[in-house]
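A short write-up of the structure that comes next.
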Amino acid sequence: MPAVVSAVDRPAEAAVDVAVVGAGPAGLYAAYYAGFRGLSAVVVDALDEPGGQVSALYPEKLLYDVAGHPAVKGRQLIDNLLEQAAPFDTRYLLGRTVVGLARRTGGWTLSTDDGGRVDAGAVVIAAGLGRFVPRRLPCSVPYEGRGVAYHVPRPEAHAGRDVVVVGGGDSAVDWALALAPLARSTTLVHRRSTFRAHEYSVRQLYASAVRVVTDAEVVACHGAQRLEQVEFRRGEEVFTLPSQALVAALGFTSGLGPVAEWGIDLEHRRIRVDRSMCTNLPGVHAVGDVCTYPGRVPLITVGFGEAGTAVNHAAVTLRPGERLAPEHSSDTFPGAGDRAAVPSASAA
Numbered sequence: 070m071p072a073v074v075s076a077v078d079r080p081a082e083a084a085v086d087v088a089v090v091g092a093g094p095a096g097l098y099a100a101y102y103a104g105f106r107g108l109s110a111v112v113v114d115a116l117d118e119p120g121g122q123v124s125a126l127y128p129e130k131l132l133y134d135v136a137g138h139p140a141v142k143g144r145q146l147i148d149n150l151l152e153q154a155a156p157f158d159t160r161y162l163l164g165r166t167v168v169g170l171a172r173r174t175g176g177w178t179l180s181t182d183d184g185g186r187v188d189a190g191a192v193v194i195a196a197g198l199g200r201f202v203p204r205r206l207p208c209s210v211p212y213e214g215r216g217v218a219y220h221v222p223r224p225e226a227h228a229g230r231d232v233v234v235v236g237g238g239d240s241a242v243d244w245a246l247a248l249a250p251l252a253r254s255t256t257l258v259h260r261r262s263t264f265r266a267h268e269y270s271v272r273q274l275y276a277s278a279v280r281v282v283t284d285a286e287v288v289a290c291h292g293a294q295r296l297e298q299v300e301f302r303r304g305e306e307v308f309t310l311p312s313q314a315l316v317a318a319l320g321f322t323s324g325l326g327p328v329a330e331w332g333i334d335l336e337h338r339r340i341r342v343d344r345s346m347c348t349n350l351p352g353v354h355a356v357g358d359v360c361t362y363p364g365r366v367p368l369i370t371v372g373f374g375e376a377g378t379a380v381n382h383a384a385v386t387l388r389p390g391e392r393l394a395p396e397h398s399s400d401t402f403p404g405a406g407d408r409a410a411v412p413s414a415s416a417a
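Residue numbers for the sequence shown follow the working numbering, so the first one is 70 and each next one is one higher.
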């Protein structure tokens with residue numbers, strides 16, 4: 070049975086037609102499509118920025134396999150999806166994890182880890198590879214949100230700062246290269262002498278203005294209200310660097326987390342769905358890489374199609390008598406809204 074909602078007696082902070090769990094590409098497109106079908110929607114995500122894995126791991130990478138885009142940066146794709154949904158006043162609850170799902174009259178109640186509650190007629194789970202949790206640098210934890218971050222959705226936000234990037238994978242190297250032209254100084258600290266990142270990117274790194282410090286570990290962070298300095302140890306020596314921003318690019322762990330306790334049929338840690346993208350729980354759909362069915366191909370573009378399929382089926386369930394097939398968008402689009410501001414945790 071689905072987990073019992075501990076906050077069930079609290080008033081709902083959002084009561085919508087469709088609740089989307091996950092703010093990656095498939096989840097954001099599901100939110101747009103809900104608005105297009107005249108349904109209200111809320112999007113809940115554990116990360117404090119929309120975009121899921123795309124924003125967390127490769128916002129500056131060019132994607133070449135998204136329909137309609139010969140090439141598009143991950144960040145631009147997410148911005149476009151937010152802009153697409155903007156005319157429909159989609160609400161975003163970011164930096165919050167959905168921990169419970171319970172049946173209620175006319176739909177479902179979702180509870181979040183901060184005690185919040187969302188009531189919805191239908192649910193679309195678009196959790197990707199699962200809840201994304203950054204691997205933390207212990208000494209930096211007290212400065213989270215005060216100079217320490219785990220991804221760089223917008224490099225320009227670090228213009229004029231002294232930035233330290235920690236890590237040796239593709240994300241660390243890519244972010245260091247993206248920040249170098251903008252920051253006052255950029256230092257990459259890696260605990261090994263070799264990198265896991267692509268060889269071409271590493272060659273670019275050493276040819277750039279980034280200061281590269283290998284065989285070293287960050288051991289302390291200092292600052293009164295915000296991060297001001299970072300200490301790292303190399304051998305027996307300890308060095309101090311000015312740093313108003315530290316990016317701990319140490320990777321993420323992922324897993325279904327609470328979703329696995331909701332009574333949903335799973336197959337190899339994926340959610341089984343039918344041709345309407347519905348799970349074994351009526352009114353609960355799953356789309357994107359979190360779902361599975363025979364022959365599924367894990368592509369962003371496939372996730373977009375699944376999102377449209379799920380929301381159209383939810384629409385006819387919520388409003389009996391409506392057509393499954395939507396109207397032509399050229400006839401029903403409500404008009405271009407203002408460009409969407411990128412939601413953050415403050416939008417919650």
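Where is the CB? At the ideal position from N, CA and C, for every residue including glycine.
Please read all numbers here as calculations on a predicted model, not as lab measurements.
Of the residues ALA228, ALA100, VAL235 and ARG272, the one whose Cα lies closest to the Cα of PRO207 is VAL235.
Measuring C-alpha to C-alpha distances from ASP243 to each of MET346, ALA318 and ARG165 identifies ALA318 as the nearest. Under the three-state reduction of DSSP output, SER277 falls in the coil class, being neither helix nor strand. A distance below 8 Å between beta-carbons, with the five flanking residues on each side excluded, links GLY364 to no residue of its chain. DSSP lists no beta-bridge partner residue for SER124. Taking the Cβ atoms as the reference, ILE194 lies roughly 16 Å from VAL371, outside the contact range of under 8 Å. Per DSSP, the unbroken beta strand (DSSP E) holding HIS291 starts and ends at 286-291. C-alpha of ALA383 to C-alpha of PRO327: approximately 23 Å in a straight line. A residue is called buried once 16 or more other Cβ atoms fall within 10 Å of its Cβ, and ARG388, having fewer, is exposed. Runs of the beta strand (DSSP E) lying entirely within the segment 331-372, each at least 3 residues long, are 339-341 and 353-355 in chain order.
DSSP places ALA100 inside the alpha helix (DSSP H), whose first and last residues are 94-105.
Secondary structure at THR386: helix, using DSSP grouped into helix, strand and coil.
Within the model, the alpha-carbon separation for TRP177 versus HIS397 is close to 30 Å. Annotation: the continuous alpha helix (DSSP H) that includes ALA241 extends over 239-248. In the DSSP assignment, GLU152 falls within the alpha helix (DSSP H) that extends over 143-154. GLY216 has no beta-bridge partner at all, per DSSP.
By alpha-carbon distance to PRO311, the top candidate from ALA293, ARG230, VAL168 and GLY324 is ARG230. For ARG204, no beta strand (DSSP E) run applies, since DSSP gives it neither H nor E. Distances from the CA of GLY304 to each of CYS360, PRO395, GLU286 and ALA189 were compared; the closest alpha carbon is that of GLU286. By DSSP's assignment, GLU300 forms a beta bridge with ALA289 and THR309. C-alpha of THR386 to C-alpha of ARG173: approximately 16 Å in a straight line. Boundaries for ARG295: no beta strand (DSSP E) harbours it, and the DSSP string shows neither H nor E there. Under DSSP, no beta-bridge partner is assigned to SER399. The DSSP-derived three-state label of TYR269 is helix. Per DSSP, reduced to three states, the secondary structure at PHE264 is coil, with no helix or strand assignment. Contact between the segment 144-154 and the segment 91-102 is present, with at least three C-beta pairs closer than 8 Å. Here LEU393 is exposed, its C-beta having fewer than 16 other C-beta atoms within 10 Å.
Our two residues, PRO211 and GLU330, have alpha carbons roughly 31 Å apart in a direct line.
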